[in-house]
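Chains A and B supply the protein sequences, listed in that same order. For the first sequence, this note's numbering gives the first residue as 27, with consecutive numbering after it. For the second sequence, this note's numbering gives the first residue as 53, with consecutive numbering after it. From the three backbone atoms N, C-alpha and C, an ideal C-beta is built for every residue, glycine too. Just so you know, these numbers come straight off a predicted model, no measurement behind them. Since the structure comes first, as structure tokens, the remarks are kept for the end.
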Amino acid sequence: KNQVEQSPQSLIILEGKNCTLQCNYTVSPFSNLRWYKQDTGRGPVSLTIMTFSENTKSNGRYTATLDADTKQSSLHITASQLSDSASYICVVWENTGFQKLVFGTGTRLLVSP
Amino acid sequence: NAGVTQTPKFQVLKTGQSMTLQCAQDMNHNSMYWYRQDPGMGLRLIYYSASEGTTDKGEVPNGYNVSRLNKREFSLRLESAAPSQTSVYFCASSESTLMGGYHQPQHFGDGTRLSIL
Chain A
27 KNQVEQSPQS LIILEGKNCT LQCNYTVSPF SNLRWYKQDT GRGPVSLTIM TFSENTKSNG
87 RYTATLDADT KQSSLHITAS QLSDSASYIC VVWENTGFQK LVFGTGTRLL VSP
Chain B
53 NAGVTQTPKF QVLKTGQSMT LQCAQDMNHN SMYWYRQDPG MGLRLIYYSA SEGTTDKGEV
113 PNGYNVSRLN KREFSLRLES AAPSQTSVYF CASSESTLMG GYHQPQHFGD GTRLSIL
């Protein structure tokens, strides 16, 4: 079964520090991977998308990386802010048909003052 | 900028009751989706509508029905609620399924928190 595994499940960091969230997937055939941010009580919001040919993509303080050979992606957050406290969800698109998305369970990040 | 609006935000039902969750988007998107989110699990697709006039089953459709009322609105109905359907339900929309080789991002509402006793 195609899966998306995220680690760690939860993380607490001090404001201003950096952190890296991991996403490992077994989805095949792979098309692309997207990171979403979900604030508590809100719906997910897209942060960035990675296709199989891209290695790195940045969106402000967020930098996503992708290694399609090892089927791993990471989301690096630089100079964390309190507003970064949220769940971060990795979603992989299985390229077999319409909207075959496989969602990870997310990493819950808490940025502490 | 409303985006995707879901109603109600919270609901408590008794087992066997029925209800309809409403969803509307104002972005002129063609595709709409219903997901459920449960603790410790990723979002799971219940039903989707690729375009106005079409609906298809997702990963977990049992116990649910949907209606794509028009391009803006996509409703989810529970005919006979069961405790296993206690969850947070998210509606989402996207411009289309594929554009320029990229999977289009889905825009989510803020969810309906449904408890079934």
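So who's on the other strand from residue i, going by DSSP bridges?
i	result
L37(A)	L135(A)
I98(B)	I98(B) is not bridged to any residue.
T89(A)	S84(A) and H102(A)
Q63(B)	L166(B)
Q74(B)	T59(B)
For residue i, which residues in the same chain have their Cβ closer than 6 Å to its Cβ, ignoring the five residues on either side in sequence?
i	result
V118(B)	Y99, T107 and L128
L169(B)	K66
D78(B)	A54
M84(B)	S101, F126 and S145
E111(B)	R96 and L97
A90(A)	W61, T74, M76, K83 and L101
Q98(A)	N50
G67(A)	none
L73(B)	L128, Y141 and T164
T46(A)	S100 and H102
To which residues of the same chain is residue i closer than 7 Å at the C-beta, ignoring the five residues directly before and after it?
i	result
G68(B)	S132 and A133
G115(B)	L130, A134 and Q137
Which of the three DSSP states, helix, strand or coil, is assigned to residue i?
i	result
D162(B)	coil
D65(A)	coil
L108(A)	helix
Q137(B)	helix
E80(A)	coil
H81(B)	coil
R120(B)	strand
L59(A)	strand
M93(B)	coil
Q69(B)	coil
N114(B)	coil
V53(A)	coil
D95(A)	coil
L101(A)	strand
L128(B)	strand
S113(A)	strand
S146(B)	strand
T57(B)	strand
E104(B)	coil
Q29(A)	coil
L47(A)	strand
K126(A)	coil
Spatial neighbours of residue i within its chain, please: CB distance less than 8 Å, with the 5 preceding and 5 following residues excluded, ordered by chain position.
i	result
P113(B)	I98 and Y99
N121(A)	P55, F56 and S57
L136(A)	S36, L37, I38, I39 and S111
P158(B)	Checking the sequence shown, residue 158(B) turns out to be Gln, not Pro. If we look at Q158(B) and ignore the five residues flanking it on each side, its Cβ neighbours are Y85, A144, S145 and S146.
Can residue i be considered in contact with the ligand FAD, in the sense that its beta carbon sits closer than 7 Å to one or more heavy atoms?
i	result
T104(A)	The ligand content of the structure shown is nil, which means the ligand FAD is not present either.
Q: Count the C-beta pairs between the segment 47-57 of chain A and the segment 66-76 of chain A that are closer than 8 Å, then say yes if the count reaches three, no if not.
A: no
Q.
Below 8 Å, how does it come out for the segment 80-89 of chain B and the segment 139-149 of chain B: are there three or more Cβ pairs, yes or no?
A. By the Cβ test, the segment 80-89 of chain B is in contact with the segment 139-149 of chain B, since at least three Cβ pairs between them sit closer than 8 Å.
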